[in-house]
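In my numbering, the protein residues as written are 1199 to 1520.
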């Protein structure tokens, strides 16, 4: 099996220079739903347009905040089509293909390439504890079945202790896959992050290390190029100001922005992602309920979130509506 993987042919398209670079506070939108829990594709297009218009350097969907485990494969495909059409190459689009079935992941990857997405994000196999070799084989299989650039999602806290992309595994994948361009890191482990960054950037200087959450202040000097944001759905101006301060080495401003973003993100951690959708209501960007078994934010929760946004000064400094 390993021999077959190692000898799989490398498509010339995988080695071609891509038209985009990844940087900044990239936006990973939620999935808008109607009251009957069906996907609101018109609302999804409206949301993506909002993000692009407000400076998002890339769009990534459907991450877990977009309720991807609760979406059907058909819904994920149609949503991807809506996003690619709406964005129209103004910024790069990443499609998450992680799912319980590796065959479905391959199907989603092929579909992403067919519709003109710019890259895919994949993850280690769900609901089990694969070894490093098993993760390697899974990523290589997906990466050799598409010509699109591939990102991996490192989330050991979600998948279980030991189920992670180590620096050794990252090195093997970079050696094997010319289209392996980056990692979404949600390890929350500074030592492991630094070792991955050291290895990856030494091998591939344009390798994109993207923080899975909002904690970019400490990771940016160590090699992170940006983050996938939840707060951008509420405060895109704050996110843009934060990254601009990082690039300018304006650490006092960056630190102030980071602390405010961290406070904002903490509001969403409880009942995530329904609290994020609840906060969006206060900004005039309602995205509907959360699909069961996840709870929808209660009226009391929405009112609490609104009060917190007022206290943080978000209501007066960020755009309202679409």
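Cβ coordinates follow ideal geometry from the N, Cα and C atoms, glycine included. Bear in mind that the values here come from a model prediction, so they are computed numbers and not experimental data.
Residue i versus residue j: straight-line alpha-carbon distance, rounded
| i | j | result |
| --- | --- | --- |
| residue 1333 | residue 1322 | 6 Å |
| residue 1430 | residue 1517 | 11 Å |
| residue 1413 | residue 1238 | 30 Å |
| residue 1241 | residue 1416 | 35 Å |
| residue 1271 | residue 1451 | 42 Å |
| residue 1336 | residue 1300 | 8 Å |
| residue 1375 | residue 1346 | 11 Å |
| residue 1481 | residue 1488 | 17 Å |
| residue 1505 | residue 1492 | 23 Å |
| residue 1438 | residue 1446 | 12 Å |
| residue 1200 | residue 1217 | For residue 1200, the predicted model reports a pLDDT of 38, less than 50, meaning its position is unreliable; a value from the coordinates is still stated below. Residue 1200 and residue 1217: Cα-Cα distance of roughly 32 Å. |
| residue 1248 | residue 1286 | 14 Å |
| residue 1331 | residue 1371 | 11 Å |
| residue 1220 | residue 1406 | 6 Å |
| residue 1215 | residue 1327 | 35 Å |
| residue 1231 | residue 1496 | 16 Å |
| residue 1490 | residue 1325 | 19 Å |
| residue 1317 | residue 1501 | 38 Å |
| residue 1390 | residue 1418 | 15 Å |
With 16 other Cβ atoms within 10 Å as the buried cut-off, status of residue i
| i | result |
| --- | --- |
| residue 1265 | buried |
| residue 1259 | buried |
| residue 1404 | exposed |
| residue 1514 | exposed |
| residue 1400 | exposed |
| residue 1410 | buried |
| residue 1295 | buried |
| residue 1373 | exposed |
| residue 1423 | buried |
| residue 1382 | buried |
| residue 1453 | exposed |
| residue 1205 | Here residue 1205 scores only 39 on pLDDT, less than 50, and its place in the model should not be relied on; the value that follows carries that caveat. Label assigned to residue 1205: exposed. |
| residue 1464 | exposed |
Nearest-angstrom Cβ-Cβ length linking residue i and residue j, presumed shorter than 8 Å
| i | j | result |
| --- | --- | --- |
| residue 1458 | residue 1436 | 6 Å |
| residue 1288 | residue 1250 | 6 Å |
| residue 1257 | residue 1279 | Not a contact, Cβ separation roughly 13 Å. |
| residue 1255 | residue 1224 | 6 Å |
| residue 1228 | residue 1263 | 6 Å |
| residue 1433 | residue 1462 | 6 Å |
| residue 1369 | residue 1397 | 5 Å |
Residue i - partner residues in DSSP beta bridges
| i | result |
| --- | --- |
| residue 1382 | 1351, 1408 |
| residue 1425 | 1223, 1409 |
| residue 1258 | 1292 |
| residue 1237 | 1231 |
| residue 1320 | 1350 |
Pair within 8 Å by beta-carbon distance, residue i and residue j
| i | j | result |
| --- | --- | --- |
| residue 1499 | residue 1456 | no |
| residue 1408 | residue 1385 | no |
| residue 1319 | residue 1298 | no |
| residue 1341 | residue 1377 | yes |
| residue 1233 | residue 1486 | yes |
| residue 1343 | residue 1304 | yes |
| residue 1307 | residue 1291 | no |
| residue 1243 | residue 1427 | no |
| residue 1353 | residue 1394 | no |
| residue 1473 | residue 1503 | yes |
| residue 1483 | residue 1511 | no |
| residue 1281 | residue 1338 | no |
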